[in-house]
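Numbering (the working numbering), first residue to last: 1 to 99.
Below, the structure is given as structure tokens:
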């Protein structure tokens, strides 16, 4: 180990759940994080557990993974195509949601 390395927080990157309207129209609504169990989740392999907030409560959700990838852009495209729900950093989801 290199003891000269220093770690520090550089900023905050919020993450959001993303799913296509076509996917949401065909599946039960999500009103609580526990309901993700009823859905196809597409995860980045570094985030196989999702930390979610519902009101003032926080949840750590260990995913029943339908699909795992090492590429966030691929996860986004799968969600856009209606393959399931994914968790993405805001900078990767803003443009898609705006459309």
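Ideal Cβ placement from N, Cα and C applies to all residues, glycine included.
Quiz item: Looking only at its own chain, which residues have a Cβ that is under 7 Å from the Cβ of residue 60, when we skip the five neighbours before and after it?
Solution: 49, 51
Exercise. Within 10 angstroms of the Cβ of residue 6, are there 16 or more other Cβ atoms? Answer buried if so, exposed if not.
Key: exposed
Practice problem: Out of 99, 4, 44, 37, point me to the one whose CA is closest to residue 78's CA. | Solution: 44
Exercise. Confirm, please, whether the CB-CB distance from residue 82 to residue 13 is below 8 Å.
Key: no
Quiz item: Can you tell me whether DSSP reads residue 99 as helix, strand or coil?
Solution: coil
Practice problem: Go through its chain and collect everything with a Cβ distance to residue 63's Cβ below 8 Å, but skip five positions before and after it. | Solution: 36, 41, 43, 48, 49, 50
Practice problem: Starting from residue 18, follow the beta strand (DSSP E) in both directions and report where the run begins and ends. | Solution: 15-18
Quiz prompt | residue 62 - partner residues in DSSP beta bridges | solution = 49
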